[in-house]
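Visitor: In the numbering used here, the protein residues as written are 11 to 189. We put the beta carbon where it would ideally sit given N, CA and C, even for glycine. A quick note: this is a predicted structure, and the numbers were derived from the prediction, not measured. This is the structure I have questions about; it appears just below.
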């Protein structure tokens, strides 16, 4: 009986203690889940560190998809921080065919291409964009034109103003878009 009481006391004591290791230190676990229901989420790793913008306010994720002058334009963006610490990720396309659920290359910034951009300080400190020589990927996993939802994943590597590689990996978004 004493052993049972001791075991019960230890079990209750341990279950009541809050462990500091309950929260994951793995950056990928800090990203929002990969959903496809218009949850207004966006996240990625920038050189292995979690980048998750706030869910509301001026830095919250936004998306648009418009048909203008005979071609489609796509813009998906999210920012975090402010001033010189402002970091932004932009995915987009100008003058492209109708978007479908498939894989796209993120290439140089020109008409007809999909692109990926990484900006620091609103682009004043660093403005890095994907290239034809080192393309990234954008995978549209859900494109619901009836409910205005676009979801997918992305990754790309760009060179910053100092010549350093910036690795954007494990990117995901699930957004309502405007048109």
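Is residue 64 near residue 53, with beta carbons less than 8 Å apart?
Guide: Position 54 of the chain shown, counted from the first residue, corresponds to residue 64. Position 43 of the chain shown, counted from the first residue, corresponds to residue 53. Result no, Cβ atoms of residue 64 and residue 53 do not sit closer than 8 Å.
Visitor: Using 10 angstroms around the beta-carbon of residue 66, count the other beta-carbons present and answer buried if the total reaches 16, otherwise exposed.
Guide: For the purposes of this step, residue 66 is taken as residue 56 along the chain shown, with counting starting at 1. Burial call: exposed.
Visitor: Pull up the CB-CB distance for residue 158 and residue 186, whole angstroms please, since I reckon it's below 8 Å.
Guide: Here residue 158 refers to the residue found at position 148 of the chain shown. Here residue 186 refers to the residue found at position 176 of the chain shown. Right, the Cβ-Cβ distance comes to about 5 Å (below 8 Å), so this counts as a contact.
Visitor: So, using beta-carbon positions, are residue 153 and residue 119 closer together than 8 Å?
Guide: Against the chain shown, residue 153 aligns to sequence position 143. Against the chain shown, residue 119 aligns to sequence position 109. Result no, Cβ atoms of residue 153 and residue 119 do not sit closer than 8 Å.
Visitor: For residue 184, does the three-state DSSP call read helix, strand or coil?
Guide: Locating residue 184 in the chain shown gives position 174, where the first residue counts as 1. DSSP places residue 184 in strand when its eight states are reduced to three.
Visitor: According to DSSP, is residue 162 part of a helix, a strand, or is it coil?
Guide: In the chain shown, the residue the question calls residue 162 occupies position 152. It is a strand residue.
Visitor: Under the DSSP definition of a beta bridge, which residues are partnered with residue 97?
Guide: Position 87 of the chain shown, counting from 1, holds the residue named residue 97. For residue 97, which the question treats as bridged, DSSP gives the partners 90, 130.
Visitor: Taking the DSSP output, what are the residues bridged to residue 154?
Guide: Mapped onto the chain shown, residue 154 falls at position 144. For residue 154, which the question treats as bridged, DSSP gives the partners 159.
Visitor: Going by other Cβ atoms of all chains shown within 10 Å of its Cβ, with 16 needed for buried, is residue 168 buried or exposed?
Guide: On the chain shown, position 158 is the one that residue 168 refers to. Answer is buried; the Cβ neighbour count reaches 16.
Visitor: Terminal residues of the continuous beta strand (DSSP E) containing residue 113?
Guide: Along the chain shown, one-based indexing puts residue 113 at 103. Looking at the DSSP string, the run of the beta strand (DSSP E) that includes residue 113 is 113 to 116.
Visitor: Got a sec, what are the start and stop residues for the beta strand (DSSP E) residue 74 sits in?
Guide: For the purposes of this step, residue 74 is identified with residue 64 of the chain shown, where counting begins at 1. Its beta strand (DSSP E) spans residues 72 to 78.
Visitor: Run through DSSP, which three-state label would residue 105 get?
Guide: Here residue 105 refers to the residue found at position 95 when the chain shown is read from its first residue. Three-state DSSP puts residue 105 in a strand.
Visitor: Can you give me the Cβ contacts of residue 35 inside the same chain, cut-off strictly under 8 Å, excluding the 5 residues immediately before and after it?
Guide: For this step, residue 35 is matched to residue 25 along the chain shown. Excluding positions up to five away in sequence, the list is empty.
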